[in-house]
Every structure is written in structure tokens, then in C-alpha cells.
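In the working numbering, the protein residues as written are 30 to 509. For every residue, glycine included, the Cβ atom is placed at its ideal position computed from N, Cα and C. Okay, so here's the structure we're looking at.
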RNA sequence: GGUCCCAUCGACUAAUGGUUAGGUCACCACCCUUUCAAGGUGGCAGUACGGGUUCGAAUCCCGUUGGGAUCACCA
């Protein structure tokens with residue numbers, strides 16, 4: 030049987046980095062096995078709907094290189110793929126449960142529920158719906174229940190969880206898990222607004238959509254027994270479960286709890302490459318070997334396997350992500366990034382040729398981690414009003430410097446073929462002849478031409494800058 | 001607090017009963033060098049603790065401690 034998995038986010042916010050990894054693992058697993066990966070939007074809570082969230086989820090997944098085989102956008106044989114468009118289905122299945130006495134109606138108000146929890150808290154017992162004392166079908170009786178129903182009273186449908194007995198299920202990542210039914214609440218299946226809760230909807234949909242593997246975050250582990258109960262109540266085959274370790278903040282708390290810079294889109298905005306982010310995130314909680322760090326998406330697909338997924342949560346370390354980004358940056362074909370660099374430059378009203386931008390980029394790419402660093406890191410390549418590093422000046426611009434620079438200027442001016450090699454030859458001839466150390470020239474020159482102690486090789490820098498600029502800057506500097 | 005999950009260098013991880021416990025990021029040193037990087041070499045640093053099982057335990061079992069998740073008419 031072909032593998033079918035789903036990524037099932039709720040549009041209650043923009044996709045965060047943990048969600049991106051969940052989507053990725055589903056996608057890698059499906060592609061590795063030649064199966065399908067579908068997107069299902071779990072929008073059964075209309076009160077938490079966030080405008081643009083679904084678009085953001087789709088947008089980010091596409092940016093990351095993932096295309097879903099079935100989705101709200103593209104449809105598919107098991108649609109619709111938005112739960113809000115499937116409500117009759119859930120109602121139908123909830124009724125089946127009702128008729129089989131696996132579920133029941135409850136009429137409690139939220140105040141009554143709060144009061145119940147207070148009593149339980151004061152008594153020092155675990156909060157749990159007590160169907161024998163609350164306003165459920167069981168305490169009300171058939172007649173009263175019918176009367177309330179006829180009167181249009183609000184009610185919800187709850188799962189009738191057995192009083193005791195072990196509920197077991199197997200998780201690909203964690204092995205056998207056993208929970209006692211006494212610790213499980215009579216979960217609400219249908220809310221009084223007619224929408225299902227996650228628990229009902231995801232079980233019904235996973236079954237109807239023929240999902241073979243449920244791959245989701247570890248936060249779902251505690252509610253999985255409820256889902257198991259539902260599969261049993263319907264007498265459906267269960268999918269296999271794989272609960273992924275959480276992505277953690279530095280303080281080890283769940284990463285998605287921090288908001289803002291944890292959104293996938295803010296990583297894109299900060300200038301991380303999609304393939305670098307994907308590579309990094311894939312290796313958080315899963316590792317094929319550990320003798321290698323760089324994997325393209327096809328390579329991740331090739332080597333992905335759920336049984337290599339870790340159990341323990343993984344701290345998200347931005348430093349390593351930055352390193353990975355720099356690895357990708359230097360391997361990329363520079364022409365692919367000229368446009369984005371141009372955009373940064375144009376914001377500063379700098380207009381230069383693409384070919385020049387490419388030469389500068391190639392020159393400095395090993396010294397930066399992000400594309401957007403280019404205009405600032407190499408400002409002297411784009412403007413004449415770059416800052417002079419005073420510390421560098423104090424150290425290398427000595428009393429002899431003006432004389433030396435003045436002496437070498439004609440030689441620089443006279444170079445016809447202004448390239449690294451020619452400049453190099455000229456420079457070493459000069460230092461030999463004058464018997465001075467080359468650093469007495471190189472540092473002052475670098476200072477004059479770039480203003481900074483950091484940068485590419487001086488002669489390469491000069492070559493890209495061009496003779497005219499070099500000579501001009503030296504003259505200006507000496508005159509001031 | 002109840003329930004569940006988890007535990008190898010600071011971080012990501014490898015080692016599925018036998019390794020001097022390996023790699024990567026970060027950090028430090030040295031080399032290279034035309035500055036800064038990159039690169040190369042080396043270093044620092046870990047099996048949470050206590051018991052078992054075994055000829056042998058990071059690995060299996062039990063306990064302790066620590067961390068996390070979850071306990072809504074949210075997903």
C-alpha cells in the first residue's frame with residue numbers, strides 16, 4: 030500500500046519554524062517512499078481564524094521547496110481539504126457514535142464547567158468531566174434530554190471514555206505507549222456551534238483520506254489515546270503514529286511558544302536561504318549518519334527515515350544556522366543572487382552594473398553569511414564616502430606613510446593591465462628595490478582604498494575597483 | 001499537582017552489549033597569509049545520579065534527580 034501522509038496546520042497564525050519542520054518530515058517521508066503528501070487546513074475554530082494564515086503556510090512551504098499532492102488549492106480525490114467545508118461529514122460520524130452509545134450529549138454551560146473544575150481542584154483531584162453529576166444525557170435521562178433538544182438548548186457531544194482499562198498504541202519514534210482510560214477526559218467531539226473539535230475531525234479525515242502515517246509534533250502525544258479510542262469506536266484501522274521531538278528555545282521551552290522571530294517567514298526576511306533553512310531544520314531531530322552536514326532537498330529525501338528520528342527535543346541554535354547559510358552562500362551560482370543584491374543597493378540609491386555586482390560578490394562571499402551584508406561590507410566598492418576605521422588608521426598610518434605612498438603612486442598609475450598579477454609584480458619589485466617591508470605599503474593602501482581592516486586580498490580588491498578609482502582615492506587622501 | 005514523554009561535550013548529533021565515546025557549530029591555539037575571512041592542524045569539552053543484569057553497559061532493567069509536553073465547547 031502506498032504511503033499517504035498529511036501536514037495539517039490550523040490557520041490560527043503564520044507558520045512557525047516547528048510547523049515547517051513537521052511539514053518537511055511529512056514531505057520527506059512521502060517522497061522517500063514514493064507516496065503522497067497532502068495539506069489539510071484544520072480551521073474548525075472559527076474564533077481563532079487569522080487572515081492570511083493559510084496563504085502564508087502555502088507560501089512558505091512552496092518557498093521551502095515543498096509541493097503538496099493534494100491541498101485546498103489543488104484539490105484531490107479526497108477533498109475538500111479545509112475542515113470548515115466538511116462539517117456535515119463530522120456531524121454524520123458523530124451521530125454514528127451517538128447511536129452506538131460511544132458518545133453522548135452534554136448541556137453544561139461554561140460556568141457550570143468552571144464550577145466543576147473548582148470543586149475538583151479544591152478536593153485535590155484531577156480535573157475531569159464527570160458525566161454522572163453534570164448535565165449529561167446520563168443524569169438528565171432520555172425524556173429531559175429530548176425536551177432540551179426540542180427546546181433548542183445548546184449542547185456538545187462528548188466521547189464516552191471507559192472508566193478504566195489500558196489504552197495502548199505504538200509510536201514509531203517512541204515505541205509502545207500505555208495510558209489508563211481513567212486518566213482520560215470525556216473529550217468534546219462536537220462543539221455547540223456545530224463544528225467538530227480537532228480530535229474528531231482529524232480522526233475522521235485521516236481515515237477518509239486514507240492516511241497511513243500520522244507524523245506530528247510531540248505536543249499531540251497526550252491526546253493520542255483519545256484518537257485511538259475513536260478509531261476503535263468506529264472500528265477503523267489506525268494509521269501509524271510518529272510523534273516528533275519538539276524544537277526548543279535556548280531555555281529548552283517549546284519554541285512555538287515564543288512568538289515573532291520564530292515565524293518561518295521572518296527567517297526568510299532575515300535573509301536565510303530556503304535550502305539552508307531546510308537543511309538545518311531537517312537535521313534537528315533527525316540524522317542519517319552525522320559524518321555530513323550539507324544535504325540538498327533531493328538528498329534529504331533519499332536518506333530520510335523515521336526510525337532515525339530522535340526522541341529528545343532539539344534546541345534551535347542560530348549560530349549553526351548562520352554557518353550553514355554561509356556554506357550555501359559560497360556554493361551558490363552568484364548570478365542567482367545579483368538581483369537581490371541590486372535591490373539592497375538600489376535602496377541606497379546606488380546604481381551599478383550587474384557584472385560589477387557579481388565581481389564584488391565573488392570577491393567577498395567567503396567573508397559574509399548573508400546576501401544583504403554585501404552593500405555594507407563592501408561599501409567602498411559602491412561609494413566614495415565610506416568610513417575610515419580610526420583604529421586601523423592609528424595603527425598603520427605612520428609618519429612615513431605619506432612619503433611611501435607618494436613614491437609608489439606613479440607606479441600604480443603607470444600599470445596598463447590593472448590586474449591582481451600585474452599589481453603584485455609591480456608591488457614586489459617596488460618593495461625589493463626600496464628594500465621596505467610590503468606591509469608598510471599594503472596596510473596604508475588598504476586603509477586609503479577601503480577604510481577597513483577587513484576585506485578580500487588587496488590586489489584583487491584594487492583590480493575590481495579599477496585603476497582610476499584607486500589613483501583618485503590615493504591622491505585625495507594625500508591631499509587631505 | 002495528575003498523566004505522558006525525554007536525558008551523550010555549551011548546542012546539533014554518531015556509536016542499535018565490546019570504540020582511546022566519533023563528527024559538526026561555537027570557543028581556544030598554531031599553521032598558511034597581504035588585513036579579515038576561508039582553509040589546514042591540534043585543543044577544550046560529554047554518556048545526569050544510584051542500583052542492578054552481564055565476562056563486558058552510553059546502550060538492557062529498576063529507582064532518583066532534572067527537563068519538557070499536556071490537562072479548553074484551541075489546534
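Give every residue of the same chain whose Cβ lies closer than 6 Å to the Cβ of residue 416, excluding the five residues on either side of it in the sequence, and list them in chain order.
480
Quick one: measure Cβ to Cβ for residue 87 and residue 66, integer angstroms, because I've assumed they're closer than 8 Å.
13 Å between Cβ atoms; not a contact.
Close Cβ partners of residue 438 (< 6 Å) along its chain, the five nearest in sequence each way excluded:
503
Note the first and the last residue of the continuous alpha helix (DSSP H) segment covering residue 46.
46-61
Using only the alpha-carbon positions, how far apart do residue 57 and residue 473 sit?
54 Å
Beta carbon of residue 68, beta carbon of residue 293: below 9 Å?
no
Residue 171 to residue 125 span [Cα, whole Å]
18 Å
Assign residue 189 to one of three DSSP states: helix, strand, or coil.
coil
Simplified DSSP assignment, three categories, for residue 308
helix
Is the CB-CB distance between residue 228 and residue 237 below 9 Å?
No; because the gap between Cβ atoms is not below 9 Å, this pair is not in contact.
Runs of alpha helix (DSSP H) lying entirely within the region 320-368, each at least 4 residues, in chain order
Counting only runs of 4 or more residues that sit fully inside the region 320-368, the alpha helix (DSSP H) segments are 326-332, 347-360, in chain order.
Out of curiosity, what's the CA-to-CA distance linking residue 313 and residue 329?
Rounded to the nearest whole angstrom, the CA to CA distance from residue 313 to residue 329 is 13 Å.
DSSP three-state label for residue 183, please.
coil
Which residues mark the beginning and the end of the alpha helix (DSSP H) in which residue 119 is found?
Element bounds for residue 119: 116-128.
Quick check on residue 453: does DSSP put it in helix, strand or coil?
helix
What does DSSP give as the partner residues of residue 207 in its beta bridges?
197
Considering just the uninterrupted stretch of the beta strand (DSSP E) at residue 406, what are its terminal residues?
Going by DSSP, residue 406 is part of no beta strand (DSSP E) but of the alpha helix (DSSP H) stretching over 403-406.
In angstroms, rounded to a whole number, what distance separates the CA positions of residue 558 and residue 488?
Examination of residue 558 is not possible in this model, given that the chain is present from 30 through 509 alone.
Mind reading off the beta-carbon distance from residue 404 to residue 447? Whole number of angstroms is fine, and I expect it under 8 Å.
Contact between residue 404 and residue 447 fails: their C-beta atoms lie close to 24 Å from each other, not under 8 Å.
Using C-beta distances below 7 Å, list every residue in its chain close to residue 471, excluding the 5 sequence neighbours before and after it, in chain order.
Spatial neighbours of residue 471 in its own chain (CB-CB distance under 7 Å, excluding positions within 5 residues in sequence) are listed in chain order as 487.
List the whole-angstrom C-beta distance separating residue 398 from residue 351, where the pair is believed to meet the contact cut-off of C-beta under 8 Å.
5 Å
Residue from 408, 400, 344 with nearest C-alpha to residue 378
408
Could you check what DSSP says for residue 158 in three-state terms: helix, strand or coil?
coil
Rounded to the nearest angstrom, how far is the Cβ of residue 353 from that of residue 305, given a contact under 8 Å?
5 Å
Separation of residue 300 from residue 163, as counted between CA atoms
55 Å
Using three-state DSSP, classify residue 313 as helix, strand or coil.
coil
Under DSSP, the beta strand (DSSP E) around residue 164 begins and ends at which residues?
Note, residue 164: premise wrong, no beta strand (DSSP E); not H, not E.
Which same chain residues end up closer than 8 Å to residue 563 when comparing Cβ atoms and leaving out the 5 residues on each side of it in sequence?
Only positions 30 to 509 of the chain appear in this structure, which leaves residue 563 out of reach.
In this structure, does DSSP put residue 68 in helix, strand or coil?
Secondary structure at residue 68: strand, using DSSP grouped into helix, strand and coil.
With contact counted as at least three CB pairs below 8 Å, one residue from each stretch, are the region 194-202 and the region 243-262 in contact?
With a cut-off of 8 Å, the region 243-262 and the region 194-202 count as touching, because enough Cβ pairs lie within range.
Unbroken stretches of the alpha helix (DSSP H), 4 residues or longer, contained in the region 417-456
419-425, 430-443
Beta-carbon proximity list for residue 250, same chain, < 6 Å, skipping 5 on both sides
The answer, listed in chain order, is 272.
If you reduce the DSSP assignment to three classes, tell me which class residue 171 lands in.
helix
By Cβ distance below 7 Å, which residues in the same chain neighbour residue 111 in space, the five residues on each side in sequence not counted?
Here the set comprises 70, 72, 101.
Could you check if residue 490 is buried or exposed, using at least 16 other CB atoms within 10 Å of its CB as the buried criterion?
In the assembly as shown, residue 490 is a buried residue. Its beta-carbon has 16 or more other beta-carbons within 10 Å.
Contact between the region 177-189 and the region 316-334: three or more CB pairs below 8 Å?
Not touching, per the Cβ criterion.
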